[in-house]
Amino acid sequence: MVNKLDDGARARLGETLPHWAVQKQRDAIARSFKFADFSAAWGFMARVALLAEQQDHHPEWSNVYNKVEITLSTHDAGGLSERDLKLAHAIDKLVGGA
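Residues -12 to 85, numbered by our numbering, are exactly what the sequence shown covers, in order.
Pasting the structure below:
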């Protein structure tokens, strides 16, 4: 079973994942990405898909032309978990942390 994040981990989210926003309407984090064009956005999504498959943790996402929106939440835990943080960090590494 996957457990939700504890209060300490939640308090550090702004420090550990500064580019991700806590979602007020649900227990999740989200980040928007913008690329040069559709091909670059799609390539990024393909790389994220490979990471997600390796981690057996899959994002909620959408793509419109050069923009990709990603939301992470662990459905099995009923909200944010360490699995979300691990995938968010891996995604950040794909784009150089910025």
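For each residue, glycine too, the CB sits at the ideal point set by N, CA and C.
R13: buried (16+ other C-beta within 10 angstroms of its C-beta) or exposed? The residue is exposed, with fewer than 16 neighbouring Cβ atoms inside 10 Å.
Measuring CA to CA, which of G30, H62 and V51 is closest to D43? H62
If you measure between the beta carbons of R18 and W7, is that distance less than 7 Å? yes
Cβ-based burial, L37 [other Cβ within 10 Å; buried from 16]: It counts as exposed.
According to DSSP, is R13 helix, strand or coil? Coil at R13, not helix or strand.
I'd like the span of the beta strand (DSSP E) that includes S49, first residue to last. E47 to V51
Comparing the CB of H62 with every heavy atom of the ligand COA, is any distance shorter than 6 Å? The ligand COA is not part of the structure shown, which contains no ligands of any sort.
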